[in-house]
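*Asks:* Here it is, the structure in full.
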Amino acid sequence: MPVCCAPTSPEKAEIEAVFALLNEHRANNGVPALAYDDKLEAAIQGHCIHMVQHPFFDHSAPESEVSSPWTRAEMCGTSASGENIAGGQSSPQDVMDSWKSSSGHNANMLDGKFKRVGIGRHGSYWGQIFGT
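Add 1155 to the 1-based position in the sequence shown for this note's numbering, that's all there is to it.
Structure below.
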């Protein structure tokens, strides 16, 4: 089962676009920009791949050893404090619009205590995982 994974080049291009849109959204709301964290990226990318390979859509994987975002982040050598996932969006703008229109997801994106982020994208799944 995938845990710490790197995105493909096409996925990385979309991830970079989401990162730019995320920091633009934070700036427009008076929140400092996030730093990019490759270890968090590996954790959320692995989760996106896992959701595609073992069809499920949840923050927690069915396998207990990787059941939470916090466990996945730790397995990739870092820590996490929040996570957004999404499915079915076709572009970086679409997924950001979805997250912005959801109060809980938007709150994560605009949370000033978060200083780092990793972003994942595989198949029809997207994710953001945040660290302090």
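Idealized CB from N, CA, C, for every residue including glycine.
Considering only residues of the region 1188–1247, which uninterrupted alpha helix (DSSP H) runs meet the minimum length of 4 residues and lie entirely inside it, listed in chain order?
*Replies:* Runs found: 1193–1208, 1224–1230.
*Asks:* Keeping to the same chain, check which residues put their C-beta closer than 6 angstroms to that of residue 1159; ignore five residues upstream and five downstream.
*Replies:* Only 1197, 1201, 1231 meet the Cβ criterion.
*Asks:* Report the CB separation of residue 1233 from residue 1266 in whole angstroms; it is logged as a contact under 8 angstroms.
*Replies:* Between residue 1266 and residue 1233 the Cβ distance is about 17 angstroms, and since that is not below 8 angstroms, they are no contact.
*Asks:* Find out if the Cβ-Cβ distance for the pair residue 1273, residue 1199 is shorter than 7 angstroms.
*Replies:* Yes; because the gap between Cβ atoms is below 7 angstroms, this pair is in contact.
*Asks:* Grouping DSSP H, G and I as helix and E and B as strand, with all else coil, what is residue 1269?
*Replies:* If DSSP states are grouped into helix, strand and coil, residue 1269 belongs with coil.
*Asks:* Measuring CA to CA, which of 1157, 1165, 1156, 1161 is closest to residue 1245?
*Replies:* Comparing Cα-Cα distances from residue 1245 to each of 1157, 1165, 1156, 1161, the minimum goes to 1165.
*Asks:* Would you give the residue range spanned by the alpha helix (DSSP H) that residue 1259 belongs to?
*Replies:* Start and end: 1258–1264.
*Asks:* Taking the alpha-carbon of residue 1237 as reference, which of 1161, 1261, 1187 has the nearest alpha-carbon?
*Replies:* Considering only alpha carbons, the answer is 1261.
*Asks:* Beta carbon of residue 1274: closer than 6 angstroms to some heavy atom of the ligand MN?
*Replies:* Only the bare structure without any ligand can be found here, which leaves the ligand MN out of the picture.
*Asks:* Over the uninterrupted beta strand (DSSP E) stretch that includes residue 1278, give me the two end residues.
*Replies:* Looking at the DSSP string, residue 1278 is not in any beta strand (DSSP E), and its letter there is neither H nor E.
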